[in-house]
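Input: a single structure, listed below in structure tokens.
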Amino acid sequence: MTHQSAGWSPVGVAFTLLVASVLGIALGSAVGSTGVESWLNAWQDAVAWQIVWDIRLPRTLGACAAGALLGLAGALAQGLFRNPLADPYLLGSASGASLGGAVALALFGGNPFATEFLVRLGLTGAAFVGAVLAVLLTLVLARGVQHTLRLLLAGVIVGVVLGALASLITLMRPDVLQGMQGFLLGSTSFIGWNACVLMLGVLLVCVVLAFALSHVLDALTLGEATALSLGVPLAPVRVALVCVLALATGTAVAQTGLVAFVGLAAPHLVRSLVKAKHNWVVLLSALMGGVLLLAADLLARMLLSPQEMPVGVLTAVLGGGYLLWLMYRSQTTRAAR
Amino acid sequence: MLKHIIALSALWLITNLAQAVVLRDDRQVEVNIAKPPQRIVSLLPSLTETVCALGQCQKLVGVDRYSNWPDSIDKLPRMGGGIDPNIESVVALKPDLVLMATSARGAERFQALGLNVMALEPRSHADVQRVMRIVALALDVPVQESDRVWHHIDAAVSAAAQSMPPQAKGQRVYFEVSRAPYGASESSFIGETLQRLGARNVLPASLGPFPKINPEFVVRAQPDIIMVGDSNFADMTTRPGWQNMLAMRAQRVCTFKPAESDVLVRAGPRMAEAARLMAKCLTDKAPDNTRKQP
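From first to last, the protein sequence lines stand for chains A and B. Heads up: the first sequence at position 249 corresponds to 249 in the numbering used here, and the numbers run straight through without jumps. Here the numbering used here runs 1000 ahead of the position in the second sequence, where the first position is 1.
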């Protein structure tokens, strides 16, 4: 849908996105509910320093990393399933993470032993385990990754069933409802340095793997039969890519909750800007996702300041609006031709 | 001079050591309170109310956006809500104690940032007393004082029960908490109050404190009185079969304003006020009184 413009060089776009990220992170350290004063006083005042260094920087950098993970996962999903509608949550990881979160929340304050164990694992740990288990379940149901359609269907089914189970838990334990609501809205405000470093580490691993395996996605655009006839080891590489997809999504979802649309919009934006092979698309999608979530996080903090809104709400509205505009524009340009 | 300083600092050390307390909160985490906190942030309305009931309102420096009682906290800065606490604003206030619900998020984050967090979640009458005691210990309020406040509340609940005429007792009540519909059963905080007022609950304790119920269940149970927040009432009349329920036809429905609903659903020091509201409802709608006003 977005092949009409392809003028920009990938290197230029990558550079622009990097500059935007750095600017965004710098701006992110200055924006928040206590305003610019914290930034100006950071050298004299210990609390102001803590606000800038221990709260704003990790959450800004974390938003960037989570967005990059989602953008990367989105590009992988769209390449892997050869479907522009594919998003990172396609293999059930979102519902798995919600179920993990719901179970953790429901057990909090129940059995003291469970509580002690869960406090150590935390909501993020439970969500990550849930996301990874959901993808594994999808793979088992689809009996491997050979059949794209079967994999897609299994992903949708796992998503619906696990989502329903999570809803059931919240119905049985209404005190969980609030916590789940917060998780489903997505938020970057709980990211600390540990989470930030974790996400950046996972991002590095995922980017390297995805970059190395991206030639298979290029071969896949010609169709599965052609790819096989080209001698591409389709099955093992697909498994590897699904694992990268699950790891990236699970990590991001566990730390930030369900942030909508970044994973779907980032690859589309990239493809509307440059026409390149998948190695560039994957890399640029990660950068683009990072910039998108960073921008959304900044807006979420600024719009209602000194209060802030959940970033997931903002990405859904902005991302959805942008995709609609993109669709409308490509339709009208096609009609004009 | 030096002697004085040494003596003073020794005295300071002794008094502070004496005051240091370690308390176990509802997460089963041990909270170490070295000296009585002077700057408190509360992220749960019932905890805000508990702090104020103990006469320590002036030590609050920030509250969550749902805290709205007593009026003296109106001017305090708002720190977001339980699910979306504003980490940055809380840290900027430099609190020496953060009170929050166990179901709220961000406790680990606050602790990582060096704040002292105490998570408490009152869910029953006994919890109100227990939480009040823990908060009193944390704030260096004598336990006798907290027990005195509690006995005062407890006596007021009993007084509300005694003020009711005999015909108001023994009525079967359905209390709707939200329009899903979730009801308050016998084992909930609200159910306990109803029980002390001599009312019977159509939702048994076996369903859990706040069960999600089938509207049909209530029609079948035929409660004598329905209690509901006024924002939920409009929806009630359109439920299939509900218009024909005896309580609806006889208008034995009490609707509570949002401020009253806050009093009713919060497990905190205003439970006596909640008991009075419910007692008034039970008395006004009791069979003898409703016969006079068609």
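C-beta: ideal position from N, C-alpha, C; glycine also. Because the structure is a prediction, the values reported are computed rather than measured.
Pull up the distance between the alpha-carbon of residue i and that of residue j, whole angstroms please.
{"i": "L1137 (chain B)", "j": "V1021 (chain B)", "result": "8 angstroms"}
{"i": "L1194 (chain B)", "j": "P1209 (chain B)", "result": "13 angstroms"}
{"i": "G289 (chain A)", "j": "G71 (chain A)", "result": "4 angstroms"}
{"i": "A1272 (chain B)", "j": "M1227 (chain B)", "result": "17 angstroms"}
{"i": "G387 (chain A)", "j": "A66 (chain A)", "result": "The structure shown does not extend to residue 387 (chain A), since chain A is modelled only from 1 through 337, so no value can be given for it."}
{"i": "R56 (chain A)", "j": "Q307 (chain A)", "result": "15 angstroms"}
{"i": "R1252 (chain B)", "j": "V158 (chain A)", "result": "47 angstroms"}
{"i": "L1113 (chain B)", "j": "D1084 (chain B)", "result": "17 angstroms"}
{"i": "A106 (chain A)", "j": "F183 (chain A)", "result": "14 angstroms"}
{"i": "K277 (chain A)", "j": "A166 (chain A)", "result": "39 angstroms"}
{"i": "V52 (chain A)", "j": "D45 (chain A)", "result": "11 angstroms"}
{"i": "L1282 (chain B)", "j": "F1256 (chain B)", "result": "13 angstroms"}
{"i": "E1186 (chain B)", "j": "I1213 (chain B)", "result": "14 angstroms"}
{"i": "V1061 (chain B)", "j": "V1041 (chain B)", "result": "6 angstroms"}
{"i": "R238 (chain A)", "j": "L294 (chain A)", "result": "30 angstroms"}
{"i": "P1287 (chain B)", "j": "N1244 (chain B)", "result": "18 angstroms"}
{"i": "L230 (chain A)", "j": "A219 (chain A)", "result": "8 angstroms"}
{"i": "W280 (chain A)", "j": "Q50 (chain A)", "result": "38 angstroms"}
{"i": "T332 (chain A)", "j": "A235 (chain A)", "result": "40 angstroms"}
{"i": "A225 (chain A)", "j": "L99 (chain A)", "result": "37 angstroms"}
{"i": "T1290 (chain B)", "j": "G1106 (chain B)", "result": "Unreliable positioning characterises T1290 (chain B) in this predicted model, as indicated by a pLDDT of 49, which lies under 50. The coordinate reading is nonetheless provided below. Going by the C-alpha atoms only, they are around 50 angstroms apart."}
{"i": "T1238 (chain B)", "j": "D1284 (chain B)", "result": "25 angstroms"}
Report, in whole angstroms, the separation of the C-beta atoms of residue i and residue j, which I expect to be a contact under 8 angstroms.
{"i": "F943 (chain B)", "j": "H1125 (chain B)", "result": "The shown model of chain B, from 1001 to 1294, leaves out residue 943 (chain B), and the question about it has no answer."}
{"i": "G32 (chain A)", "j": "E1088 (chain B)", "result": "5 angstroms"}
{"i": "R1039 (chain B)", "j": "K1075 (chain B)", "result": "Actually they are not in contact, since the Cβ atoms of R1039 (chain B) and K1075 (chain B) sit about 16 angstroms apart, beyond 8 angstroms."}
{"i": "L1023 (chain B)", "j": "V1141 (chain B)", "result": "Contact flag wrong, Cβ pair sits at about 13 angstroms."}
{"i": "L76 (chain A)", "j": "V311 (chain A)", "result": "Their Cβ separation, rounded to whole angstroms, is 23 angstroms, which puts L76 (chain A) and V311 (chain A) out of contact at 8 angstroms."}
{"i": "V1063 (chain B)", "j": "M1079 (chain B)", "result": "7 angstroms"}
{"i": "L299 (chain A)", "j": "L17 (chain A)", "result": "Incorrect: roughly 18 angstroms between the Cβ atoms, too far for contact."}
For residue i versus residue j, is the C-beta spacing smaller than 9 angstroms?
{"i": "S93 (chain A)", "j": "V282 (chain A)", "result": "no"}
{"i": "L241 (chain A)", "j": "L80 (chain A)", "result": "yes"}
{"i": "G186 (chain A)", "j": "G257 (chain A)", "result": "yes"}
{"i": "A1279 (chain B)", "j": "M1164 (chain B)", "result": "yes"}
{"i": "D1262 (chain B)", "j": "P1045 (chain B)", "result": "yes"}
{"i": "A154 (chain A)", "j": "A131 (chain A)", "result": "no"}
{"i": "T1050 (chain B)", "j": "V1177 (chain B)", "result": "no"}
{"i": "Q146 (chain A)", "j": "I191 (chain A)", "result": "no"}
{"i": "V216 (chain A)", "j": "V232 (chain A)", "result": "yes"}
{"i": "A104 (chain A)", "j": "A134 (chain A)", "result": "no"}
{"i": "A73 (chain A)", "j": "T315 (chain A)", "result": "no"}
{"i": "A26 (chain A)", "j": "V291 (chain A)", "result": "no"}
{"i": "T188 (chain A)", "j": "M180 (chain A)", "result": "no"}
{"i": "A265 (chain A)", "j": "G223 (chain A)", "result": "no"}
{"i": "S1103 (chain B)", "j": "V176 (chain A)", "result": "yes"}
{"i": "D297 (chain A)", "j": "A63 (chain A)", "result": "yes"}
Using a beta-carbon distance below 9 angstroms, is residue i in contact with chain A?
{"i": "I1190 (chain B)", "result": "no"}
{"i": "K1212 (chain B)", "result": "yes"}
{"i": "Y1182 (chain B)", "result": "yes"}
{"i": "S1206 (chain B)", "result": "no"}
{"i": "L1113 (chain B)", "result": "yes"}
{"i": "E1186 (chain B)", "result": "no"}
{"i": "I1083 (chain B)", "result": "yes"}
{"i": "P1258 (chain B)", "result": "no"}
Verify the CB distance criterion: does residue i have a CB-CB separation below 9 angstroms to chain B?
{"i": "T256 (chain A)", "result": "no"}
{"i": "T34 (chain A)", "result": "yes"}
{"i": "G320 (chain A)", "result": "no"}
{"i": "G192 (chain A)", "result": "yes"}
{"i": "E308 (chain A)", "result": "yes"}
{"i": "D297 (chain A)", "result": "no"}
Should residue i go down as buried or exposed, given a rule of 16 or more other Cβ atoms within 10 Å for buried?
{"i": "L23 (chain A)", "result": "exposed"}
{"i": "V317 (chain A)", "result": "exposed"}
{"i": "A42 (chain A)", "result": "buried"}
{"i": "W1069 (chain B)", "result": "buried"}
{"i": "P84 (chain A)", "result": "exposed"}
{"i": "L324 (chain A)", "result": "exposed"}
{"i": "Y89 (chain A)", "result": "buried"}
{"i": "M327 (chain A)", "result": "exposed"}
{"i": "P1240 (chain B)", "result": "exposed"}
{"i": "T251 (chain A)", "result": "buried"}
{"i": "V1224 (chain B)", "result": "Checking the displayed sequence, the identity of residue 1224 (chain B) turns out to be Asp instead of Val. Result: buried."}
{"i": "T221 (chain A)", "result": "exposed"}
{"i": "M302 (chain A)", "result": "exposed"}
{"i": "V1098 (chain B)", "result": "buried"}
{"i": "E1145 (chain B)", "result": "exposed"}
{"i": "R1110 (chain B)", "result": "Residue 1110 (chain B) is actually Phe in this sequence, not Arg. Buried, because 16 or more other Cβ atoms sit within 10 Å of the Cβ of F1110 (chain B)."}
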